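Visitor: Residues in the sequence shown are numbered from 0 upward in steps of one, following numbering that gives the first Met the number 0. Backbone N, C-alpha and C define an ideal beta-carbon position, used for all residues, glycine too. Note that the structure is predicted; figures quoted are calculated from it, not measured.
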Amino acid sequence: MESLIALMVISGTLLVYQGLSHSLLSHMTYLRESDQDKWLLFTHQFRSECRGARFRSVRGNRLYIEKDGKELAFGYTSKKDFRKASAKWHGYHPMLLNLSSAHISEQDQRIRLVLKWPSGLERTFIYDFKEKS
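1. With DSSP as the reference, identify every bridge partner of residue 81, one or two as the case may be.
2. Please report the residue range of the alpha helix (DSSP H) in which residue 34 lies.
3. Figure out for me which residue from 105, 97, 104, 127 has the closest Cα to the Cα of residue 120.
4. Can you give the Cα-Cα distance for residue 124 and residue 113, rounded to whole angstroms?
5. So, helix, strand or coil for residue 112, using DSSP?
6. Name the residue from 129, 126, 128, 115 whose alpha carbon lies nearest to the alpha carbon of residue 37.
7. With DSSP as the reference, label residue 52 as helix, strand or coil.
8. If you draw a straight line from the alpha carbon of residue 126 to that of residue 117, how long is it in whole angstroms?
9. By the DSSP assignment, the beta strand (DSSP E) with residue 62 in it spans what residues?
10. Which residue comes first and which comes last in the beta strand (DSSP E) that contains residue 157?
11. Roughly how many angstroms lie between the CA atoms of residue 74 and residue 19, to the nearest whole one?
12. Taking all protein chains shown into account, decide if residue 8 is buried (16 or more other Cβ within 10 angstroms of its Cβ) or exposed.
Right under this line is the structure:
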């Protein structure tokens, strides 16, 4: 009889452990950042950077703007991130990490930024400086 009770206690303990493990895994999956979440945050930040700025140029896959009297540059680096820096490319501030590629183009002061992640997600950001200046 005692061994039957011991088996039931062990079985119950294992079921509780399995349930807690499953719960923890589902919470971790829910809380894990996704590329889409990073994209949404980035668009908000990048739009704020562009708002009120004056377009300078796009060259070398970098966007150059002037904001509040400062020359700024934004671009993709060999470290696979998209950064904000001074126009001389000093004082790096990563905005997006772990990208597979980024391409900036411009036509008539309208920039087009195409970002790709290793997960396969691809997003395009378009901003028209002509209307905003």
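Guide: Reading it off the structure:
1. 75, 95
2. 34-49
3. 97
4. 6 Å
5. In the structure shown, the three-state DSSP call for residue 112 is strand.
6. 115
7. Residue 52 carries a coil assignment under DSSP once its states are collapsed to helix, strand and coil.
8. 24 Å
9. 61-66
10. Because the chain here runs from 0 to 132, residue 157 falls outside it and cannot be looked at.
11. 44 Å
12. It is exposed - the Cβ of residue 8 has fewer than 16 other Cβ atoms within 10 Å.
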